[in-house]
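Just below is one structure, and these are the notes that go with it.
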Amino acid sequence: MEWNNELNSEEQERYARQIMLPDFGEAGQKKLKAARVLVIGAGGLGSPAAFYLAAAGIGTVGLADFDHVELSNLQRQLLHTTADLGRRKIDSGRETLQALNPALQVPLYDEPVTEEYLAAILRSEHYDMVVDAVDDAKTKFAINDACVQTKTAFVHGGILKYQGQLMTYVPGSPCLRCLFPEAQAARGGKNGVLGAVPGVIGSLQATEVIKYLLGMGNLLAGRLLTYDSLPLSFRILNIPKRAECSCQDIDRSGRE
Numbered sequence: 010m011e012w013n014n015e016l017n018s019e020e021q022e023r024y025a026r027q028i029m030l031p032d033f034g035e036a037g038q039k040k041l042k043a044a045r046v047l048v049i050g051a052g053g054l055g056s057p058a059a060f061y062l063a064a065a066g067i068g069t070v071g072l073a074d075f076d077h078v079e080l081s082n083l084q085r086q087l088l089h090t091t092a093d094l095g096r097r098k099i100d101s102g103r104e105t106l107q108a109l110n111p112a113l114q115v116p117l118y119d120e121p122v123t124e125e126y127l128a129a130i131l132r133s134e135h136y137d138m139v140v141d142a143v144d145d146a147k148t149k150f151a152i153n154d155a156c157v158q159t160k161t162a163f164v165h166g167g168i169l170k171y172q173g174q175l176m177t178y179v180p181g182s183p184c185l186r187c188l189f190p191e192a193q194a195a196r197g198g199k200n201g202v203l204g205a206v207p208g209v210i211g212s213l214q215a216t217e218v219i220k221y222l223l224g225m226g227n228l229l230a231g232r233l234l235t236y237d238s239l240p241l242s243f244r245i246l247n248i249p250k251r252a253e254c255s256c257q258d259i260d261r262s263g264r265e
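Numbering (this note's numbering), first residue to last: 10 to 265.
Okay, here's the thing in structure tokens:
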């Protein structure tokens, strides 16, 4: 079935504050309505990222997570409430997102994300961008490798204690393995995290997605943003490509 990207009167009112933005307009809103974004991880980072993407009018926001809601999640995972304890996060998340935006399509994926599994999804379901909102390094690199392999843009986010980080990958730019050649990435996990920190990083991830979809502003491609909530500081570091990184071979093969 062909997707209708025209805006009805309700959508024009719902997104009025975006549509009036310079370089956005109805044309930009229609692009968001046609867009497909996959959020991997329905927890601390995925909650604000998915929520703001749904609020912005993204037409399809897929949710991938195989975990269930626990009481200790509720300090930071705003897609879920006390009433959701024990439920699959993707079910609770879809309910919250569609309560906010009933027109939103929310495909669900409840298997552990591997490179092969994600690459198959990206090839068959044609997502425009992926949000890395997971808290373990193995899955982060599976996301990276699948996106590099399929030439799919993604935005990486990581949190730890009072700090967070953010980087965007687009085909041809440095990837996560260029940044962490030893397969290590920031993670929250059992180390603890201030609940508002993933709110900051997840919101910035949603912003990067919207910028990418609309071709606006400067993406964090080849740049790492770091955030420390205690001194309230932001820094941006340039990330070069590593000559021996596997993404270089894929880039070269794509140009042949």
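Glycine included, each C-beta is placed from N, C-alpha and C at the ideal position. All values derive from a computational prediction rather than experimental measurement.
Alpha carbon to alpha carbon, how far is residue j from residue i? Give it in angstroms, no decimals.
| i | j | result |
| --- | --- | --- |
| Lys170 | Ala215 | 21 Å |
| Ile67 | Tyr24 | 11 Å |
| Lys42 | Gln114 | 10 Å |
| Leu229 | Leu241 | 20 Å |
| Arg251 | Leu131 | 25 Å |
| Tyr118 | Ile49 | 9 Å |
| Leu127 | Leu72 | 12 Å |
| Gln38 | Glu19 | 13 Å |
| Asp154 | Met29 | 38 Å |
| Asn227 | Asn17 | 31 Å |
| Gly55 | Glu253 | 31 Å |
| Gly246 | Val209 | Note on residue identity: the sequence assigns Leu, not Gly, to residue 246. The alpha-carbon atoms of Leu246 and Val209 are separated by roughly 18 Å. |
| Pro183 | Ala151 | 16 Å |
| Ala36 | Ala44 | 13 Å |
| Gly197 | Gln86 | Any answer about Gly197 is weak, because its pLDDT of 48 lies below 50 and its placement is not dependable; what the coordinates show is given next. If I take the Cα positions, the gap works out to 13 Å. |
| Leu188 | Glu79 | 32 Å |
| Lys220 | Gly53 | 22 Å |
| Asn15 | Ala65 | Position check: residue 15 holds Glu in this sequence, whereas Asn was assumed. Rounded to the nearest angstrom, the two C-alpha atoms are 15 Å apart. |
| Arg186 | Leu94 | 36 Å |
| Cys256 | Leu234 | 21 Å |
| Arg103 | Ala59 | 10 Å |
| Val218 | Thr105 | 20 Å |
| Ser81 | Asp258 | 42 Å |
| Glu134 | Arg232 | 28 Å |
| Arg26 | Pro190 | 42 Å |
| Phe33 | Ala129 | 33 Å |
| Asp137 | Lys40 | 11 Å |
| Tyr236 | Gln21 | 35 Å |
| Leu223 | Ile248 | 24 Å |
Hey, residue i and residue j are a contact pair by Cβ (cut 8 Å); roughly how many whole angstroms apart?
| i | j | result |
| --- | --- | --- |
| His89 | Leu83 | 6 Å |
| Val139 | Leu47 | 5 Å |
| Gly173 | Gly167 | 7 Å |
| Asp74 | Ala51 | 4 Å |
| Pro207 | Pro31 | Contact doesn't hold; Cβ gap of about 30 Å is too wide. |
| Thr148 | Pro116 | That belief does not hold up - the Cβ atoms of Thr148 and Pro116 are roughly 19 Å apart, past 8 Å. |
| Tyr61 | Ser212 | 6 Å |
Residue range of the beta strand (DSSP E) that residue i falls in?
| i | result |
| --- | --- |
| Val70 | 69-73 |
| Asn247 | 242-247 |
| Thr177 | 172-178 |
| Val139 | 138-141 |
| Phe189 | From DSSP, Phe189 is part of no beta strand (DSSP E); its letter is neither H nor E. |
| Leu169 | 162-169 |
I need the boundaries of the alpha helix (DSSP H) containing residue i, first residue and last residue.
| i | result |
| --- | --- |
| Gly34 | 34-43 |
| Arg85 | Counting along the chain, Arg85 falls outside any alpha helix (DSSP H), and DSSP gives it neither H nor E. |
| Glu104 | 98-109 |
| Tyr326 | Residue coverage of the chain in this structure runs from 10 to 265, which leaves residue 326 outside it and unanswerable. |
| Arg132 | 124-134 |
| Asn153 | 146-159 |
| Glu15 | Glu15 -> no alpha helix (DSSP H), and no H or E assigned at all. |
So, do the segment 197-211 and the segment 141-151 have three or more beta carbon pairs nearer to each other than 8 Å? yes
If you pair each beta-carbon of the segment 168-187 with each one of the segment 97-115, do three or more pairs fall below 8 Å? no
Pairs of beta-carbons, one from the segment 155-166 and one from the segment 95-106, closer than 8 Å: are there three or more? no
Below 8 Å, can you find three or more Cβ-Cβ pairs linking the segment 242-260 to the segment 116-126? no
Whole beta strand (DSSP E) runs in the segment 201-247 with 3 or more residues, listed along the chain? 232-237, 242-247
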